[in-house]
Amino acid sequence: KPARIVLDSLSEMRLLAREPLRYRRQILALKEYFGGRDCTVLMLDDHTSSTHDLQLRSIAHAVVLLEQMAFEYGRARRRMRIIKVRGVPGMEGYHDFKIRKGGLEVYPQLSPPGSRTISDQVITSGIPELDSLVGGGLTPGTCTLFIGPAGVGKSSCAAQYVHATAKEAPCAMYLFDERRATLIHRCDSLGMQMSGHVAAGRVTIDQVEPGELSPGEFAHRICQRVDRDGSRLVMIDS
30 KPARIVLDSL
40 SEMRLLAREP
50 LRYRRQILAL
60 KEYFGGRDCT
70 VLMLDDHTSS
80 THDLQLRSIA
90 HAVVLLEQMA
100 FEYGRARRRM
110 RIIKVRGVPG
120 MEGYHDFKIR
130 KGGLEVYPQL
140 SPPGSRTISD
150 QVITSGIPEL
160 DSLVGGGLTP
170 GTCTLFIGPA
180 GVGKSSCAAQ
190 YVHATAKEAP
200 CAMYLFDERR
210 ATLIHRCDSL
220 GMQMSGHVAA
230 GRVTIDQVEP
240 GELSPGEFAH
250 RICQRVDRDG
260 SRLVMIDS
């Protein structure tokens with residue numbers, strides 16, 4: 030009386046059945062057999078025949094498609110798509126996942142959140158002249174884009190806001206183009222005391238390697254830093 034049964038894989042059952050009609054009859058017989066028992070069946074298929082897959086999807090309660098994609102640079106990435114789940118509003122679209130030691134890590138697509146209470150206290154840079162240019166400070170819950178050519182000071186301006194905010198609330202920084210040690214040294218040279226913020230845990234700095242990280246995992250990391258760790262200011266460069 031097992032609680033779970035795994036059939037790996039259905040392609041071998043097709044070989045035993047030899048013809049599509051007999052194969053479908055066998056699958057229907059198995060479905061009827063397990064329908065009256067307290068047992069969940071997981072069926073694996075290598076997706077080699079689209080015709081048979083469509084027949085199987087019509088009788089399955091849920092269908093989950095797994096894919097592995099290889100790119101010209103970086104590691105291969107895995108994603109899944111919930112094709113159907115009867116009676117349940119499954120989340121559509123592709124969702125990144127990774128196979129790690131201890132199990133899977135799934136990164137669902139971001140869904141628009143409901144109404145939330147946003148603080149009315151503005152985000153300041155600590156430089157009165159700069160804050161006056163933006164009406165006293167940045168509004169919480171908004172996104173600000175610093176644009177300009179290389180070397181104009183985008184990272185320094187954004188780091189100034191992180192330095193000022195870190196005195197009151199946690200902040201998170203994600204670096205793509207610059208090394209973590211280089212940013213900390215440069216900010217310390219400008220008097221932002223970034224090494225002190227990092228040592229005290231007020232600021233977290235993550236060095237992101239694009240070839241090692243999927244978009245879904247990157248978004249998941251940011252959401253965790255905000256929802257779980259309470260980060261009030263997030264800097265992404267670039």
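Taking my numbering, the leading residue of the sequence shown gets 30, the next gets one more, and so forth. Ideal Cβ placement from N, Cα and C applies to all residues, glycine included. Please read these numbers as outputs of a predicted model, since none were measured by experiment.
| Item | Value |
| --- | --- |
| Specify the secondary structure class of HIS124 as computed by DSSP and reduced to three states. | strand |
| Exposed or buried, LEU94, counting other C-beta atoms within 10 Å across all chains shown (16 or more means buried)? | exposed |
| For ARG257, count neighbouring C-beta atoms within 10 Å of its own C-beta (all shown protein chains included) and say buried if the count is 16 or more, exposed if not. | exposed |
| Could you name the residues that DSSP lists as bridge partners for ASP235? | TYR203 |
| Short of 7 Å in beta carbon distance, which residues of its chain neighbour TYR102, apart from the five on each side in sequence? Order them along the chain. | GLY240 |
| Pull up the CB-CB distance for ILE204 and ILE234, whole angstroms please, since I reckon it's below 8 Å. | A quick correction: the sequence has Leu, not Ile, at residue 204. Between ILE234 and LEU204 the Cβ distance is about 7 Å, and since that is below 8 Å, they are a contact. |
| Please report how far the alpha carbon of PRO244 lies from the alpha carbon of TYR136, in whole angstroms. | 9 Å |
| Considering ILE147, what are the terminal residues of the beta strand (DSSP E) in which it resides? | Here ILE147 belongs to no beta strand (DSSP E), and DSSP marks it neither H nor E. |
| Measuring straight from C-alpha to C-alpha, what distance separates VAL163 and THR153? | 10 Å |
| So, under 8 Å CB-CB, SER260 and ALA201 are touching, yes? Tell me the CB distance rounded to an integer number of Å. | 4 Å |
| Quick check: the Cα distance between PHE100 and ARG106, rounded to an integer number of angstroms? | 8 Å |
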